[in-house]
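> Using the numbering used here, read the sequence shown as starting at 146 and increasing by one per residue. Before I ask anything, here is the structure I am working with.
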Amino acid sequence: MAHHGNAGYDMTTMTTFQKATITEIEWTNPHCQIRFDATNDKGAVEHWTLEAPPPSMLAPREWVRKSLQAGDTVKIEFHAAKNGSPFGIIQRVTLPDGKMLRAYPDRDTPPKSE
146 MAHHGNAGYD MTTMTTFQKA TITEIEWTNP HCQIRFDATN DKGAVEHWTL EAPPPSMLAP
206 REWVRKSLQA GDTVKIEFHA AKNGSPFGII QRVTLPDGKM LRAYPDRDTP PKSE
């Protein structure tokens, strides 16, 4: 997949897990990474990795380094990889208190490839 491209993701479908357990956050450039576990519709635990914008783009949207911690259970919405692998591009996270953190401003999809 080309850097900054989203061609590998199914941008027409939003995948949602109502109960995702955060396992790790990498708050780094050029992209943050969010790892979580979730149970699929067949009862099996899946281990996912999501690409997120860099900290400099998340901070203006009310994200901070400690917004998500390992062990947190959240609702998570993203566009999954087209090839069926457990990877995706994050769109938003809803915290237990109902606060929603968006990865991209006022829309459901990241910008087109540069």
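Glycine residues also receive a C-beta, built at the ideal position from the N, C-alpha and C atoms. Bear in mind that the values here come from a model prediction, so they are computed numbers and not experimental data.
Would a C-beta distance cut-off of 9 angstroms place residue 195 and residue 223 closer than the cut-off?
yes
> Measuring alpha carbon to alpha carbon, tell me which residue in 211, 192 and 197 is nearest residue 184.
192
> Just the C-alpha distance for residue 236 and residue 156, rounded to the nearest angstrom, thanks.
Straight through space, the alpha carbons of residue 156 and residue 236 are spaced by roughly 11 angstroms.
> List, from N- to C-terminal side, the beta strand (DSSP E) runs of 3 residues or more that fit wholly inside the stretch 173 to 198.
Listed in chain order, they are 177 to 184 and 190 to 197.
> Under three-state DSSP, which class holds residue 237?
strand
> Would you report the Cα separation of residue 200 and residue 175, rounded to the nearest angstrom?
9 angstroms
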